[in-house]
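Right, one structure below, let's go through it.
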Amino acid sequence: MAVGEHGITVDDARRDYRRFVNLGRLIKFIALLLFCIFAVWTAWYMNMPLERLSGMFGRIGTMVFNRMMPPDLDYAMTGNVFYSILETIEMSFLGTVYGVLLAVPVAWFGAWNVTPSRTICYPLGRAALVLSRAIPPIIWAMILVVILGFGPMAGTITLVLLTLSFAGKLMSEQVEAIDMGPVEAIRATGAGEIKTFVYAVLPQVKAAWIGIIIYNWDSSFRASTILGFVGAGGLGLYLRSTTQLLDYERAMGIILVVIALVIASEILSHFARRRIR
Amino acid sequence: MALLEVVGLKKTYPTGETALRGIDLTVNGAEVIAVLGLSGSGKSTLLRCINRLVEPSEGLVVLDGVRVSELDRRGLQRARRHMGMIFQEYNLVDRLTVLENVLSGCLGVASTWRAVTRAFRKDDIERAMELCSRVGILDQIRKRADQLSGGQRQRVGIARALMQQPKILLVDEPTSSLDPKIGAEVMDLMCAVADEHNVPILVSVHDLDVATGYSKRIVGLREGRIVFDAETREVDRSMLQSIYTDQDAA
Amino acid sequence: MIGIEAADASGINGAGLIGDANPLRPRNTILKRYCLIAGFASVVLVLTGHVFVFQTDWARTGGLGQMLKTAAWFLPNLGYFPSILLALFETFLIALFGTLIGMVIAIPVAVLAARNVTPAGLASYWAGRVTIVLSRSVHELIFALIFVSALGLGPLPGMLALAVRSVGFLAKTTAEAIENIDIGPVEAIEATGARRIAVLLFAVMPQVFPIFVGNVIFQFDINIRRAAILGMVGGGGIGLIFAEQIMSLAYDRAGTVVLGVVAMVLLGEYISIRIRSWLL
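Residue numbers (this note's numbering), protein chains in the order written: chain F, 3 to 279; chain G, -10 to 239; chain V, 92 to 371.
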């Protein structure tokens, strides 16, 4: 295996390389420069008080340790607040249940391969998934509070929409990834759309769907803790009231409860996922 | 003074498995020494204990007067610069180009800034290219490593190891993942280049023909112990039998 | 769903020839499953009743007709649209820089939280993991509240809130990617005597880079939605305008804002897809 068989010399290679690397470096440098200019412009355009950044950690530290500590956990356990914790869980639970019930047909409609009607059902399904996902949950909550009034009903329906957007999308993707063989087979027996779905599609996606539902519960629960901030029921309401009244110790108590609840819910779903395996 | 001295090297893994049961080995000059043994005999562990990719349980490793096995983290990094390693699975960084992979051989001496910006020194780049030319992959230097064939990748591995200008090459079954013809080319290349640079090779193999074909000295390993250590021409049948356990003896 | 245990073969006594609809499913398993479903359904119904009937002030809400009429108030007033464009642009920028800052912070946190490369053993590993959990458990509104009180109103606290919130997901997925890398190249670079940071840069980073970039883009997409609401607590962007319109009962304008948010989100998704195919 002789050297130089490939026909180029080290000199050629060196020249090529230098040109190539220098060009690459130049492009990267220009891109970085442009980005820095853009970043500086953004800071100027939005009047960002960058000078306040230097004291930020100190200020946050002071605020957290002086005003928010010790966290008033007793407050968090008082009647109304404790009740709102239960309400949060309740909203989350119902929102997930109804959300999943709704997500099943929507995921089916929104799946290109097995949707019962490509001209009607598919666009409907897709639109439902996109629209529910494009609008942030808190905005949904505020709209629903106007239409339905304050209280957990608005929150529950917000969570239904959230589940639809999150679990629904993932479930639909699972449906689109199935093996079409059994679908064709069932269709060939003359079975209608619904039967085809139940006997050919559902068994294939069931396992993945359960995982998705558990994963969805996590983010649903997280959202439910904050919806009360705009009046849609649950613990968030007290977060708003305490911060508006500058009752930071109580606010911290609520925040800690929220964190504890979220962690507890995550541990639960972790075990649920284990059991499914 | 010997270049490499291994004294009483032992290794027991946390699982309880004992890979090395007391190895004594000396490497003097620029020779090719084959470590011959079956899978599980401890060849790979031996090589890795020398540059402490695997920490020995007991024993001493001395490279050119430096007690490698006793060095702290910083000292070990410095010592490793002098030991080039070539792997069975090539162990190249797939997403980087061939040239970058070869250049990674001088990371031991490069400053942190150079490592971050990947701005290697001109003479390092020069030397890398010459090594690439020597091993026959100069026309591939801008290709990503995962676009090469097995034989080509191993040549990159050889270039990378030599980039370090090492005092010794530790080679772990370099041709076990290659088909025989390519493997032979790689072995030829490796031994030739090492000879040109006057670097000794300690290579582990499980194939007798490879051992006899390329090495001047063969060390037989069985179940973590050296069963013979002799010049290749003196190795006879009974010595070869001894690397097999009673169960595999034909 | 609940109750899918394998049909217990020992339950097939009087093996289903008479009386059982399906000879493959023994009676007690079916009964058990139906009981569970019935129990579950009754819990759901009770809670539904509680929320939808007892907790809701139906007098104020009105009937279905009233609800639809109220919903119709939200139909967008397109003439208002141009006035919110600037705020939408601001929201977009908040999402962009929030994601980028979060990306920068997430890298060291990911290294801490990866079992195979964490520099100080169990201590740094847990530090990384706890940071990730905290970042993911606290809603961005809460972070925004904290930053606003330290920095005043404006887009900067919003960006920081998003950054801190994004660290959780980015660091978690990157740490998982790091834990799954091929150890071969890492050994090889270590064997050359390179110091720790060089090993990270040369052997670890190139392997996790594609996953990392994909996740940053994904997180940017999510952050656009989050940025839209931060304004409500003073974090800049369109959230404040939305809250104002709702409070002043200008529901049609609020609807316009929603339309703007949807448009911005869809635009963001489009950009994400393009960048993803360009980079990867």
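Glycine residues also receive a C-beta, built at the ideal position from the N, C-alpha and C atoms.
Contact check for G:Leu49 and G:Gly31: beta-carbon distance about 17 Å, past the 8 Å limit, so the pair fails to qualify. Using a CB distance cut-off of 9 Å, F:Pro51 counts as an interface residue toward chain V.
Annotated as proximal: F:Thr165 and F:Val102, with beta-carbon spacing under 9 Å. Distance check between F:Glu268 and each of F:Glu251, F:Ala129, F:Asn218 and F:Met144 places F:Asn218 closest, using alpha-carbon atoms only.
Annotated as proximal: G:Ile207 and G:Ala200, with beta-carbon spacing under 9 Å. Rounded to whole angstroms, the gap between the alpha carbons of G:His195 and G:Ser204 is 13 Å. The stretch 161 to 170 of chain G makes contact with the stretch 21 to 40 of chain G; the number of CB pairs closer than 8 Å reaches 3 or more. Looking at the backbone, the Cα of F:Val106 and that of F:Ser134 are separated by about 15 Å.
In this chain, the alpha helix (DSSP H) harbouring V:Val290 covers Arg287 to Val290. When secondary structure is reduced to three states using DSSP, G:Lys205 falls in the coil class, being assigned neither helix nor strand. Around G:Val224, the same chain offers Ile207 as residues with beta carbons nearer than 6 Å, after the five sequence neighbours per side are excluded. Closest in C-alpha terms to F:Leu52, from the list V:Met355, V:Pro297, V:Gly193 and V:Phe238, comes V:Phe238. G:Gly54 and G:Val(-5) have their C-alpha atoms roughly 12 Å apart. F:Leu241 is not a Cβ neighbour of F:Val264, given a cutoff of 9 Å.
Of the residues V:Trp369, V:Gly325 and V:Tyr125, the one whose Cα lies closest to the Cα of V:Val304 is V:Trp369.
In the three-state reduction of the DSSP assignment, F:Ala109 falls in the helix class.
Bridge pairing for F:Glu92: absent [DSSP]. Using a C-beta cut-off of 8 Å, the stretch 252 to 271 of chain V makes contact with the stretch 307 to 324 of chain V, since at least three inter-stretch Cβ pairs fall below that distance. For F:Leu258, the uninterrupted alpha helix (DSSP H) run begins and ends at Tyr250 to Ile278, by DSSP. Near chain V, meaning a CB-to-CB distance below 7 Å, no residue of the stretch 200 to 215 of chain G qualifies. For the pair of segments examined, the stretch 68 to 83 of chain F was found to touch the stretch 246 to 260 of chain F: the number of CB pairs separated by less than 8 Å reaches three. The Cβ neighbour count for V:Thr222, taken over all protein chains shown within 10 Å, is at least 16; the residue is labelled buried. Contact between G:Glu174 and G:Gly140 holds, with the beta-carbon distance rounding to 7 Å and staying under 8 Å.
The beta carbon of G:Val91 sits closer than 7 Å to those of Ala117, Leu120, Cys121, Val145, Ala148, Arg149 and Met152, all from its chain and outside the five residues before and after it, given in chain order. For F:Gly213, the three-state secondary structure derived from DSSP is helix. At a cut-off of 9 Å, the C-beta of V:Tyr125 has no neighbouring C-beta in chain F. For V:Val134, no beta strand (DSSP E) encloses it; the enclosing alpha helix (DSSP H) starts and ends at Arg118 to Gly140. Within the same chain, and ignoring the five residues on either side of G:Asn40 in sequence, the residues whose Cβ sits closer than 7 Å to its Cβ are Arg69, Met72, Met74 and Leu159.
For F:Leu247, no Cβ of chain V is located within less than 9 Å of the residue's own Cβ.
Rounded to the nearest whole angstrom, the CA to CA distance from V:Leu122 to V:Pro210 is 56 Å.
CA-CA distance, F:Ala143 to G:Ala99, rounds to 57 Å. Secondary structure note for F:Ile29: its alpha helix (DSSP H) is the uninterrupted segment Val12 to Tyr47.
The Cβ of G:Met179 sits no closer than 9 Å to any Cβ of chain F. The beta carbon of F:Phe168 sits closer than 7 Å to the beta carbons of Asn218 and Ser221 from its chain, once the five residues preceding and following it are set aside; these are given in chain order.
DSSP links G:Gly73 through a beta bridge to G:Leu158.
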